[in-house]
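Notes follow the structure.
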Amino acid sequence: MEIPICGVFGSGIGMDQSGDRLRIKDWTPVLPESELPADQRLKRVEVDGVGVVVCRDGDKVAAFAGLCPHLAAPMQDGWLDRGHVV
1368 MEIPICGVFG
1378 SGIGMDQSGD
1388 RLRIKDWTPV
1398 LPESELPADQ
1408 RLKRVEVDGV
1418 GVVVCRDGDK
1428 VAAFAGLCPH
1438 LAAPMQDGWL
1448 DRGHVV
């Protein structure tokens, strides 16, 4: 089974200006489910040339922009805390 990812970053505010490139209407398969870590670790993938970070949070899958919208730091260097990357 492949994990579908939809657009997760739409504001385009801050240093990460991915904006419209992540604003999509369709789900996009990005990797086999078996490649997604089971322990909330973040995994960076490319979706149409744009970095996206995916992770498991219990029985849910979450996706975030690859760069922090405030400081453009790589999100895969963070960790998941109560559903948010910090």
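With the sequence shown counted from 1, adding 1367 to any position gets you the numbering used here.
Glycine is no exception: its CB is placed at the ideal position from the N, C-alpha and C atoms.
What separation, rounded to the nearest whole angstrom, lies between the Cα atoms of residue i and residue j?
i	j	result
glycine 1450	aspartate 1393	23 angstroms
valine 1412	proline 1399	12 angstroms
valine 1414	aspartate 1426	23 angstroms
proline 1396	aspartate 1448	25 angstroms
alanine 1405	valine 1419	17 angstroms
In terms of DSSP beta bridges, what is residue i paired with?
i	result
cysteine 1456	The structure shown does not extend to residue 1456, since the chain is modelled only from 1368 to 1453, so the question has no answer here.
arginine 1411	Val1420
valine 1452	Leu1447
Closer than 6 angstroms by C-beta to residue i: which residues in its own chain qualify, once you throw out the five before and the five after it? Chain order, please.
i	result
valine 1452	Phe1431, Met1442, Gly1445
alanine 1440	none
Just to confirm my understanding: we take residue i, look at its own chain, exclude 5 residues before and 5 after, and list those with CB closer than 8 angstroms. What are they?
i	result
leucine 1403	Ile1370, Lys1410, Val1421, Cys1422, Arg1423, Val1428
glutamine 1407	Cys1422, Arg1423, Asp1424, Trp1446, Leu1447
Exposed or buried, what is residue i when buried is set at 16 or more other beta-carbons lying within 10 Å of its beta-carbon?
i	result
leucine 1438	exposed
isoleucine 1372	Model confidence at isoleucine 1372 stands at a pLDDT of 44, short of 50, so the residue's coordinates are unreliable; what they give is reported in the following sentence. By the 10 Å Cβ count, isoleucine 1372 comes out buried.
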